[in-house]
Structure formats: structure tokens, C-alpha cells
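For what it's worth, our numbering labels the leading residue of the sequence shown as 1, then goes sequentially.
Note that beta-carbon positions come from the ideal geometry of N, C-alpha and C, so glycine has one too.
Here's the structure, in C-alpha cells; my notes come after.
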Amino acid sequence: MFTILRKEINSFLNSLIAYLIMVIFLTGIGLFIWVFPDSNVLDYGFADLSSLFGLAPYVFMFLIPAVTMRSFAEEKKGGTMELLLTRPLTDWDIILGKYLASFLLIVVTLLPTLIYYFSVYYLGSPQGNIDSAGVAGSYIGLLLLAAVFSAIGIFASSISENQIVSFIIAAFLCFVLFAGFSSLSSLTSGGELAYFVNQLGLDYHYQALSNGLIDSRNILYFLSVIVVMLMATRLVLASRKW
1 MFTILRKEIN SFLNSLIAYL IMVIFLTGIG LFIWVFPDSN VLDYGFADLS SLFGLAPYVF
61 MFLIPAVTMR SFAEEKKGGT MELLLTRPLT DWDIILGKYL ASFLLIVVTL LPTLIYYFSV
121 YYLGSPQGNI DSAGVAGSYI GLLLLAAVFS AIGIFASSIS ENQIVSFIIA AFLCFVLFAG
181 FSSLSSLTSG GELAYFVNQL GLDYHYQALS NGLIDSRNIL YFLSVIVVML MATRLVLASR
241 KW
């Protein structure tokens with residue numbers, strides 16, 4: 001697994017993909033937090049990072065599939081997938097190596113956003129007038145969301161040898177799982193059914209974590225989706241033996 005992990009990370013760093021992802025994400029989020037009217041912290045007047053945590057999931061819906069789309073699709077198209085499968089590696093070694101490499105790239109991309117937190121922290125009046133617990137919960141939610149999107153992207157890449165098709169499938173699944181259920185719940189008559197449908201989506205659990213509520217049920221939900229997506233990827237790879 002670590003061999004695949006190193007290979008994937010080196011592949012990312014030797015291409016423009018990793019650097020483009022970081023620049024696009026940090027520049028886009030930075031503009032919304034500090035520059036664009038009606039969303040920047042200075043005009044908003046409140047010491048929080050709602051712009052970052054509200055916008056980041058939708059940016060991730062496109063950036064993470066762009067990172068993961070090449071994971072298996074490129075191997076299949078280049079004819080190196082068969083060579084990889086003949087190595088003394090299990091399917092899980094390959095899947096987890098590629099998955100962790102994609103996730104770690106997103107984690108590295110998120111790290112510079114801590115500068116935004118410290119900037120708002122010191123600009124607050126009085127200094128430190130920011131909900132640090134809420135920010136911590138939001139970062140945990142964002143990391144778990146990135147982990148889920150990465151798992152979805154790996155799955156989408158495993159079912160097609162075309163990177164564009166993999167990207168479209170991954171972006172669609174990310175959107176449906178994040179915003180689809182909350183939108184569907186608003187179409188119901190309300191009550192327990194609407195609440196249940198809303199709970200099935202990623203957005204509900206992400207918002208709960210963003211409020212600083214570190215509930216084990218929310219974390220288990222994210223972990224369950226990750227496991228399901230990775231097991232589905234394993235099933236796709238195992239289908240070559242059928």
C-alpha cells in the first residue's frame with residue numbers, strides 16, 4: 001500500500017494537477033473571504049469563516065473528482081492496470097494506496113487555510129472573538145467530507161477508462177449525496193419523513209459538525225459512506241476474475 005501511496009504522490013507532484021488544485025482552491029476561497037462584496041469578512045462585520053465552510057463543499061465537488069479521475073482510468077487506458085494487478089499486491093493495497101494519496105493531497109491543500117483562521121482570530125474585536133470550537137468542528141467536517149468525496153472519486157475512476165466520464169460520474173454522485181437528499185426532503189410534506197430523508201445526506205451531518213457538535217453518529221455516518229464506496233471499488237476490481 002505504501003508503495004502505491006508513494007507512487008501516486010510522486011505522480012501528483014510531478015504533474016500540474018496538484019499545484020492547479022491548490023492554487024484554484026486557495027485563490028477562490030481567499031477571494032470570497034477577503035475580497036468579494038457581501039461575503040468578505042471585513043464587510044460582513046462578524047469574526048467567522050462561514051464563507052470558507054459554506055463554499056468549500058461545492059468547490060470540492062469539482063476539485064476532488066479532478067484529482068481522483070485519473071487514479072484507475074489512466075491505468076486502464078494506458079494498459080498498465082494489468083501490469084499493476086500482476087504485482088504482489090492485494091486489491092486493497094492498490095485501492096487504499098490510491099485513496100490515501102488523493103486524500104492527503106486535499107489535506108495539504110486545506111492546511112494553508114489555517115492562515116485565514118489566525119487572521120480572523122487576531123482581527124477580531126476583542127482579539128480572539130471567534131467560535132474556535134465551531135471552526136474546529138467545521139474543519140473536522142470538511143476533512144471527513146473530503147474523505148468521502150475522495151472515496152467516491154476512486155470508485156468512479158474504477159468503473160471507466162475515460163477520465164472525463166469518471167470526473168462527471170464522481171461530481172454527480174458527490175452532488176447527489178451532499179445536496180440531493182436535503183433538496184428531496186424539502187419536496188416532502190414535512191414531519192418525520194422529511195427529517196429522515198434529510199439525515200441520509202452528507203449536508204445534514206456536515207452542518208451538525210460545523211456547529212461544533214462532534215457527535216459519534218455523524219462521524220460514523222461519514223466513515224460508513226467511505227467504507228461502502230471503497231468496498232464498491234473493490235467489487236469492481238474483483239469483477240475481472242468473474
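query: Proximity below 9 Å, CB of A171 to CB of T233; result: no
query: Buried versus exposed call for Q127 [16 or more other C-beta atoms within 10 Å across all chains shown]; result: exposed
query: DSSP-derived helix/strand/coil call for M1; result: coil
query: Test item: CB-CB of S166 and A179 under 9 Å; result: no
query: Beta-carbon spacing of L104, L223 below 9 Å; result: no
query: Integer-rounded CB distance, given that T113 should sit under 8 Å from I214; result: Rounded, the Cβ-Cβ distance is 20 Å, inconsistent with contact.
query: Best match in L49, G97 and W92 for proximity to S11 [C-alpha to C-alpha]; result: G97
query: Distance CB(P57)-CB(D203) smaller than 9 Å; result: yes
query: Straight-line gap, F60 to A146 (C-alpha atoms, nearest Å); result: 7 Å
query: Beta-carbon proximity check, I130 vs Y139, cutoff 9 Å; result: no
query: Stretch pair the stretch 12-28 + the stretch 72-86: three plus CB contacts closer than 8 Å; result: no
query: Option in R217, N218 and L49 with minimal Cα separation from Y121; result: L49
query: Alpha carbon of E74 to alpha carbon of V67, nearest angstrom; result: 12 Å
query: Rounded separation between W34 and V41 - CA only; result: 6 Å
query: Coarse secondary structure for F72, derived from DSSP in three states; result: coil
query: 9 Å Cβ cutoff met for L144 and Y206; result: yes
query: Enclosing alpha helix (DSSP H) for T233 [first to last residue]; result: S216 to A238
query: Length of the line joining the Cα atoms of L193 and S185; result: 8 Å
query: Supposed close pair G141, S210 - CB separation, criterion 8 Å; result: 5 Å
query: Identity of the residue in L123, S51, L230 and T3 nearest F25 by Cα; result: S51
query: Limits of the alpha helix (DSSP H) - the one that Q207 falls within; result: L202 to S210
query: Exposed unless 16 or more other CB atoms sit within 10 angstroms - verdict on A101; result: buried
query: Local Cβ density within 10 Å of L173, reported as buried at 16 or more and exposed below that; result: buried
query: For S119 and V275, believed in contact at Cβ under 8 Å, the rounded distance; result: Residue 275 falls outside the range modelled here, since the chain spans only 1 to 242, and no answer is possible.
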